[in-house]
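Chains as they are written, first to last, in our numbering: chain P, 1 to 361; chain B, 1001 to 1262. These notes concern the structure reproduced below.
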Ligand SMILES: Cc1ncc(C[n+]2csc(CCOP(=O)(O)OP(=O)(O)O)c2C)c(N)n1
């Protein structure tokens, strides 16, 4: 049977994907450019489709802590927001990471700092990949560059979140969230029953039955030795994630002399820039990190031995470039080109930057 | 000559007049001697025990002195970020409507940093129970001023007494909560005498019974002491509470069956 095909906004794709992935609960607060996620969910009446709970919270503080409450019960729960709202959630995200709880947070990034702009940006890379809140922790971070990936990564993110008992983030941007593309929809995955949850998540607070000790979910341990052990365990987990979950895409990288490294919307701009470069006879490829944490360090390191230079394209002042430089270890030239304030660079500007900063520079 | 009684002679079922509920763990309470938290913990657990609801209850500990409530209560529990317990409870109850869900919070947690979550959970009429321990001070962090600190009352951040002009008024959050249509039963109790303990327990029982009937949010305030934060002996602290806290926070039901008590 042919798969269901639909024309959708990126934000709508996230919402539909959540319902079909068997999500138990969505808790959110409106903010542009991602409000369509909750609008779509409310219109779809997921409580009738699958029994999924959708609740408009009084703030992002409340929504992330609702996510925490649901995640403690082993439920598949999520929230979505955009940059200022995600900033407000950071304490809660840190608690989720500390208590080792699976959940999905979608950030449809807009320009900052402050109230900034409602236009697309990639200036939350540091916040997403370096922790964001307090303490030593990491979020599994996926960067979609199409509406299809907005859809697909919801299930991927939930699966990874539960596999590692860790919050996962989809780091998108206002352009991917707002634009419409064709999406292939997957079949409905049923929500887990309470018995299935108890089996899959024996740690969850589902009510203490006589056959087990009580389950406590906390991120607190006042004993320094135990708290250190807990931290070491978290670091061990992040190492495992780094070893096993790196995802990326390469385009025209085989015989390239230069490489664009870009994710999300910037990667799409680079695709067009690749065509323009080909017409000029410039051998450039695109390396697109799909997981930003774990970052494809080894892959970039290996590539660096075969090329002359890297241009990092980001809609920010240059954040991912720090990870690229760490991977390259000074072997070749790495420069940044990007726009801020909600401006998307044009393919021509990107190619020009390559010629000036890397080839000519 | 009559034989002397041994301990073993006394420990017999027929001699038992009082027993610790099985839902309190054997962990020694970390609260200061004389603190109301311990008694309040026990009452909540006795009620859950009497309802036979251990397997069906999920509790939420706050940030405050009772942050470690989960060490003493033998039920599944979650530890919330400071002030956010009602948000956790909202999600749990929505996702698992058959569970009994309660938060246990101090006044700083519930009425300062978590005011938003408290008001909105109440206003949505979430079917949860909130146990609110009001000791007029931030106990855990060392006796700073709370939203409930009385006018003129000394604390480490109001060392000359709470000055209403610059520090604002104490917040009667319970009266505020009672006015929201989402709440069904709102009461203020205390646990400093056996009579009060009995009344407080009845109120807690009622709150959980009503939760089972999905009547809306039920809210039990316990006006309590903080002898170390107030820098008084336990006995003096209780007397000070009777003389000063009760006139400002009068005990009794505030809302019953969804109607404000006249
Ligand atoms: C976000 C945040 N801010 C501040 C604190 C520090 N803090 C811990 S407990 C507490 C006050 C608790 O007072 P209250 O809720 O009245 O409970 P009590 O300790 O008196 O029982 C504060 C301010 C914290 N843990 N988290």
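Even for Gly, the Cβ is constructed at its ideal location relative to N, Cα and C.
What is the rounded straight-line gap between the Cα of residue i and the Cα of residue j?
| i | j | result |
| --- | --- | --- |
| residue 96 (chain P) | residue 1063 (chain B) | 15 Å |
| residue 214 (chain P) | residue 1008 (chain B) | 32 Å |
| residue 324 (chain P) | residue 79 (chain P) | 30 Å |
| residue 110 (chain P) | residue 341 (chain P) | 8 Å |
| residue 211 (chain P) | residue 1055 (chain B) | 10 Å |
| residue 277 (chain P) | residue 350 (chain P) | 10 Å |
| residue 1196 (chain B) | residue 1190 (chain B) | 6 Å |
| residue 1088 (chain B) | residue 1155 (chain B) | 30 Å |
| residue 208 (chain P) | residue 1045 (chain B) | 13 Å |
| residue 1028 (chain B) | residue 1068 (chain B) | 12 Å |
| residue 245 (chain P) | residue 46 (chain P) | 31 Å |
| residue 68 (chain P) | residue 1129 (chain B) | 19 Å |
| residue 129 (chain P) | residue 1214 (chain B) | 42 Å |
| residue 302 (chain P) | residue 132 (chain P) | 29 Å |
So, does the CB of residue i fall closer than 8 Å to a CB anywhere in chain P?
| i | result |
| --- | --- |
| residue 1037 (chain B) | no |
| residue 1116 (chain B) | yes |
| residue 1087 (chain B) | yes |
| residue 1044 (chain B) | no |
| residue 1179 (chain B) | no |
| residue 1067 (chain B) | yes |
| residue 1120 (chain B) | yes |
| residue 1188 (chain B) | no |
Under 7 Å Cβ-Cβ, which residues of chain B neighbour residue i?
| i | result |
| --- | --- |
| residue 216 (chain P) | 1070, 1077 |
| residue 201 (chain P) | Near residue 201 (chain P) there are no residues of chain B at all, since even the closest Cβ is about 12 Å away, more than 7 Å. |
Run down chain B in chain order and give the residues with a C-beta less than 9 Å from the C-beta of residue i.
| i | result |
| --- | --- |
| residue 225 (chain P) | Correct list: empty, because the minimum Cβ distance to chain B is about 18 Å. |
| residue 25 (chain P) | 1091, 1094, 1095 |
Please list, in chain order, the chain P residues whose beta carbon lies closer than 7 Å to that of residue i.
| i | result |
| --- | --- |
| residue 1099 (chain B) | 207 |
| residue 1057 (chain B) | 207 |
| residue 1054 (chain B) | 208 |
Under 8 Å between the Cβ atoms of residue i and residue j?
| i | j | result |
| --- | --- | --- |
| residue 291 (chain P) | residue 101 (chain P) | no |
| residue 158 (chain P) | residue 76 (chain P) | yes |
| residue 107 (chain P) | residue 63 (chain P) | no |
| residue 248 (chain P) | residue 294 (chain P) | no |
| residue 336 (chain P) | residue 314 (chain P) | yes |
| residue 138 (chain P) | residue 238 (chain P) | yes |
| residue 1066 (chain B) | residue 1135 (chain B) | no |
| residue 8 (chain P) | residue 147 (chain P) | yes |
| residue 1180 (chain B) | residue 1123 (chain B) | yes |
| residue 1219 (chain B) | residue 1102 (chain B) | no |
| residue 1229 (chain B) | residue 1143 (chain B) | yes |
| residue 345 (chain P) | residue 339 (chain P) | yes |
| residue 1104 (chain B) | residue 1061 (chain B) | yes |
| residue 1041 (chain B) | residue 1073 (chain B) | yes |
| residue 25 (chain P) | residue 52 (chain P) | yes |
| residue 220 (chain P) | residue 252 (chain P) | no |
Report whether the distance from the Cβ of residue i to the nearest heavy atom of ligand 2 is below 7 Å.
| i | result |
| --- | --- |
| residue 1082 (chain B) | Among the ligands in the structure shown, ligand 2 does not appear; only ligand 1 can be found there. |
State yes or no: is the beta carbon of residue i nearer than 8 Å to at least one beta carbon in chain B?
| i | result |
| --- | --- |
| residue 75 (chain P) | yes |
| residue 65 (chain P) | yes |
| residue 338 (chain P) | no |
| residue 81 (chain P) | no |
| residue 103 (chain P) | no |
| residue 55 (chain P) | yes |
| residue 95 (chain P) | yes |
| residue 264 (chain P) | no |
| residue 92 (chain P) | yes |
| residue 61 (chain P) | yes |
| residue 220 (chain P) | yes |
| residue 48 (chain P) | no |
| residue 58 (chain P) | yes |
Can you tell which of the options has its C-alpha closest to the C-alpha of residue i?
| i | options | result |
| --- | --- | --- |
| residue 3 (chain P) | P:43, P:183, P:57 | P:183 |
| residue 49 (chain P) | P:252, P:23, P:298 | P:23 |
| residue 328 (chain P) | P:300, P:354, P:263, P:185 | P:300 |
| residue 1113 (chain B) | B:1142, B:1100, B:1139, B:1147 | B:1147 |
| residue 12 (chain P) | P:35, P:192, P:255 | P:35 |
| residue 1231 (chain B) | B:1139, B:1076, B:1101, B:1068 | B:1139 |
| residue 1153 (chain B) | B:1175, B:1226, B:1207 | B:1226 |
| residue 1211 (chain B) | B:1053, B:1235, B:1247, B:1174 | B:1053 |
| residue 27 (chain P) | P:56, P:17, P:113 | P:56 |
| residue 65 (chain P) | B:1082, B:1099, B:1241, B:1019 | B:1082 |
Could you name the residues of chain P that residue i contacts, counting a contact when the two beta carbons are closer than 8 Å?
| i | result |
| --- | --- |
| residue 1074 (chain B) | 208, 214 |
| residue 1081 (chain B) | 65, 68, 91, 92, 95 |
Can you pull the chain P residues whose beta carbon is under 9 Å from the beta carbon of residue i, in chain order?
| i | result |
| --- | --- |
| residue 1011 (chain B) | Those do not exist, as residue 1011 (chain B) stays about 25 Å from chain P at its closest Cβ, beyond 9 Å. |
| residue 1105 (chain B) | Within 9 Å Cβ-Cβ: nothing; residue 1105 (chain B) doesn't reach chain P, min ~13 Å. |
If you measure from the beta carbon of residue i to each beta carbon in chain A, is any gap under 8 Å?
| i | result |
| --- | --- |
| residue 219 (chain P) | The structure shown contains no chain A; its protein chains are P and B. |
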